[in-house]
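The structure appears below as structure tokens.
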Amino acid sequence: MHNSPHSTLQNMPLILVTGAAGFIGFHLAKKLLQEGWRVVGLDNINDYYDVNLKYARLRELGVERHNIQYNTPVTSSLHDNFSFILMNLEDEAGMQQIFNAHQFEFVCHLAAQAGVRYSLENPMAYINSNIVGFTNILECAKNHNVKHVVYASSSSVYGLNTQMPFSTQAETNHPVSLYAATKKSNELMAHVYSHLYDLPTTGLRFFTVYGPWGRPDMSPMLFADAIMHGKPIKIFNNGDMARDFTYVDDVVEGVIRVINRPATNNALWDSNFPDPASSSAPYRIYNIGNSSPVQLTDYVEELENALGKRAIKTFLPMQAGDIQHTFSDVSDLEKEFGYRPKTTLKEGLKQFAIWYKKAVSENLFNHFTPIAE
Numbered sequence: 001m002h003n004s005p006h007s008t009l010q011n012m013p014l015i016l017v018t019g020a021a022g023f024i025g026f027h028l029a030k031k032l033l034q035e036g037w038r039v040v041g042l043d044n045i046n047d048y049y050d051v052n053l054k055y056a057r058l059r060e061l062g063v064e065r066h067n068i069q070y071n072t073p074v075t076s077s078l079h080d081n082f083s084f085i086l087m088n089l090e091d092e093a094g095m096q097q098i099f100n101a102h103q104f105e106f107v108c109h110l111a112a113q114a115g116v117r118y119s120l121e122n123p124m125a126y127i128n129s130n131i132v133g134f135t136n137i138l139e140c141a142k143n144h145n146v147k148h149v150v151y152a153s154s155s156s157v158y159g160l161n162t163q164m165p166f167s168t169q170a171e172t173n174h175p176v177s178l179y180a181a182t183k184k185s186n187e188l189m190a191h192v193y194s195h196l197y198d199l200p201t202t203g204l205r206f207f208t209v210y211g212p213w214g215r216p217d218m219s220p221m222l223f224a225d226a227i228m229h230g231k232p233i234k235i236f237n238n239g240d241m242a243r244d245f246t247y248v249d250d251v252v253e254g255v256i257r258v259i260n261r262p263a264t265n266n267a268l269w270d271s272n273f274p275d276p277a278s279s280s281a282p283y284r285i286y287n288i289g290n291s292s293p294v295q296l297t298d299y300v301e302e303l304e305n306a307l308g309k310r311a312i313k314t315f316l317p318m319q320a321g322d323i324q325h326t327f328s329d330v331s332d333l334e335k336e337f338g339y340r341p342k343t344t345l346k347e348g349l350k351q352f353a354i355w356y357k358k359a360v361s362e363n364l365f366n367h368f369t370p371i372a373e
């Protein structure tokens with residue numbers, strides 16, 4: 001897209017992607033740029049995990065670390081249609097400035113204080129980023145007539161619910177971590193803005209996303225690091241855990257399909273029998289998952305195969321705030337968008353292992369032990 005004719009670029013939609021230095025945000029920005037969108041990426045590059053990895057992702061998008069200053073757009077050296085802004089979501093004046101300076105048609109809000117376990121130690125970080133920050137996004141989107149706000153919710157909202165597969169029709173009133181509670185709050189806040197201001201919003205409940213450029217505080221990277229350095233990996237609940245692992249490219253494909261179709265009022269919505277995943281307002285909730293949960297022990301075996309090395313395992317009890325099984329029902333996504341994730345765990349972990357070995361050889365990030373593993 002370098003040196004694209006200006007007139008063509010001007011006609012392409014402009015989207016704000018928050019969390020653009022993050023795992024999913026980076027992949028989404030990259031794919032949107034390939035498709036010719038004009039993208040403004042926003043991130044606060046916080047140090048919850050290794051910032052070197054975040055800067056390395058931005059370098060892939062043509063933004064160099066030494067050019068980044070707070071609240072100052074940096075134009076990509078690789079893409080005419082990408083600029084990046086360092087910004088805290090909770091900075092109300094700063095966020096208003098960004099929305100005033102750009103006429104965003106779409107917002108994809110993927111920035112958040114992530115991590116279930118860290119929320120046990122640092123609750124305020126979640127309130128500031130996930131509640132205050134999201135309020136700023138909704139206010140700015142409302143004030144600037146954004147066509148569609150798509151935002152990351154999480155499979156963790158299902159909490160104590162054990163009815164499998166997790167359906168968007170199910171109740172989500174019993175979260176077991178503050179992280180999950182903030183994500184559920186985001187869905188409720190979005191509904192208010194859809195209802196009061198006719199702002200189309202769509203929440204996406206992601207299920208255990210993995211792949212190249214992934215987060216160092218999540219199991220593929222933690223486990224790969226330990227395996228390659230001959231250190232033990234921690235297997236919680238003695239391995240009796242299952243996750244609906246979803247490959248990042250599949251997630252991005254789903255996100256882009258959803259962005260392109262703003263949420264609409266459900267004409268069949270009945271206030272006597274309210275459907276939780278839609279509304280009389282332009283509001284929607286979808287699961288994005290692989291719909292095939294994998295036992296933790298099988299997952300470790302696939303990762304061992306991909307890396308070509310065996311793991312040393314330490315078996316531990318269940319951790320506070322964790323969910324034992326996740327399994328997504330993606331029938332709504334399939335019915336409405338003709339789409340469901342399809343990458344097998346074997347193929348996805350193979351791609352992850354190729355990237356991981358290259359990243360280690362290039363010293364892309366510090367070997368990292370998360371704050372609350």
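The numbering used here puts the sequence shown at residues 1 to 373.
Positions of the beta carbon are idealized from the N, C-alpha and C atoms, including for glycine.
From residue i to residue j, what does the alpha carbon distance come to, in whole angstroms?
i                 : j              : result
serine 374        : threonine 162  : Nothing about residue 374 can be reported from this structure: the residues present for the chain run from 1 to 373 only.
phenylalanine 166 : lysine 313     : 29 Å
alanine 374       : valine 150     : Past the boundaries of the shown model lies residue 374; the chain is included only from 1 to 373, so the question cannot be answered.
phenylalanine 337 : tyrosine 283   : 16 Å
valine 294        : histidine 325  : 9 Å
asparagine 173    : threonine 297  : 30 Å
glutamine 319     : aspartate 80   : 46 Å
arginine 261      : methionine 218 : 31 Å
asparagine 237    : tyrosine 356   : 27 Å
valine 176        : asparagine 11  : 45 Å
asparagine 287    : glutamine 169  : 11 Å
isoleucine 227    : threonine 72   : 41 Å
tyrosine 193      : alanine 93     : 20 Å
aspartate 250     : leucine 32     : 14 Å
isoleucine 137    : aspartate 198  : 15 Å
glutamate 301     : glycine 214    : 19 Å
isoleucine 131    : methionine 164 : 29 Å
alanine 277       : glycine 289    : 16 Å
isoleucine 15     : methionine 95  : 14 Å
valine 255        : glutamate 64   : 27 Å
alanine 101       : aspartate 332  : 36 Å
Given that a residue counts as buried once 16 or more other Cβ atoms are within 10 Å of its Cβ, and exposed if not, what is residue i?
i                 : result
isoleucine 98     : buried
arginine 310      : exposed
isoleucine 133    : What sits at residue 133 in the sequence shown is glycine, not isoleucine. Flag for glycine 133 reads buried.
histidine 109     : buried
threonine 369     : Bear in mind that a pLDDT of 41 at threonine 369, under 50, signals an unreliable position, so the number given afterwards is only what the model happens to contain. Exposed, because fewer than 16 other Cβ atoms sit within 10 Å of the Cβ of threonine 369.
glutamate 105     : buried
glutamate 171     : exposed
histidine 66      : exposed
methionine 221    : buried
alanine 306       : buried
serine 361        : exposed
leucine 160       : exposed
tyrosine 210      : buried
phenylalanine 223 : buried
asparagine 3      : Confidence at asparagine 3 is low in this model, with a pLDDT of 43, below 50, so the placement of that residue is unreliable and no value is reported for it.
threonine 264     : exposed
isoleucine 354    : exposed
lysine 335        : exposed
asparagine 88     : buried
Tell me where the alpha helix (DSSP H) around residue i begins and ends.
i             : result
threonine 403 : Absent from the model: residue 403. The displayed extent of the chain is 1 to 373, so no value can be given.
serine 331    : 331-337
threonine 135 : 133-143
isoleucine 45 : Element bounds for isoleucine 45: n/a, residue is neither H nor E.
tyrosine 299  : 296-307
leucine 316   : Segment 312-316 is the beta strand (DSSP E) holding leucine 316; no alpha helix (DSSP H) there.
tyrosine 55   : 51-60
serine 361    : 345-361
glycine 25    : 23-34
Starting from residue i, follow the beta strand (DSSP E) in both directions and report where the run begins and ends.
i              : result
asparagine 67  : Taken as a continuous stretch (DSSP letters only), asparagine 67 belongs to no beta strand (DSSP E), as it is neither H nor E.
tyrosine 283   : 283-288
isoleucine 388 : In this structure the chain extends from 1 to 373, so residue 388 is not present and cannot be described.
valine 17      : 14-18
glycine 203    : 201-206
alanine 170    : Per DSSP, alanine 170 belongs to no beta strand (DSSP E) and is neither H nor E.
histidine 148  : 148-154
Report whether the distance from the Cβ of residue i to the nearest heavy atom of the ligand ADP is below 8 Å.
i                : result
phenylalanine 82 : As presented, the structure is devoid of all ligands, the ligand ADP included, so that no description of it is given.
Within 9 Å (strictly less), CB to CB, does residue i reach chain C?
i              : result
asparagine 136 : As a matter of chain content, chain C is missing from the structure shown, which is built from one protein chain.
### Task
Check whether the segment 110-123 touches the segment 62-82, counting contact only when three or more Cβ pairs, one atom from each stretch, lie closer than 8 Å.
no
### Task
At 3 residues or longer, and completely inside the segment 217-270: list those beta strand (DSSP E) runs for me, N to C.
232-236
### Message
Using a Cβ distance threshold of 8 Å, determine whether the segment 204-214 contacts the segment 151-160, with at least three qualifying pairs required.
### Response
yes
#### Entry: contact_flag[the segment 178-193, the segment 214-234] where n(CB pairs < 8 Å) is 3 or more
no
### Task
Decide yes or no for the touch test of the segment 240-259 against the segment 335-353: beta carbon pairs closer than 8 Å, at least 3 of them.
yes
### Query
Would you call the segment 22-31 and the segment 39-54 in contact, with 3 or more CB pairs under 8 Å?
yes
### Query
Just checking, does the segment 346-364 make contact with the segment 259-272 on the three C-beta pairs under 8 Å criterion?
no
### Query
In chain order, which continuous runs of the alpha helix (DSSP H) of length 4 or greater are located wholly inside the segment 101-128?
123-126
### Contiguous alpha helix (DSSP H) assignments of at least 4 residues, all confined to the segment 77-103
92-101
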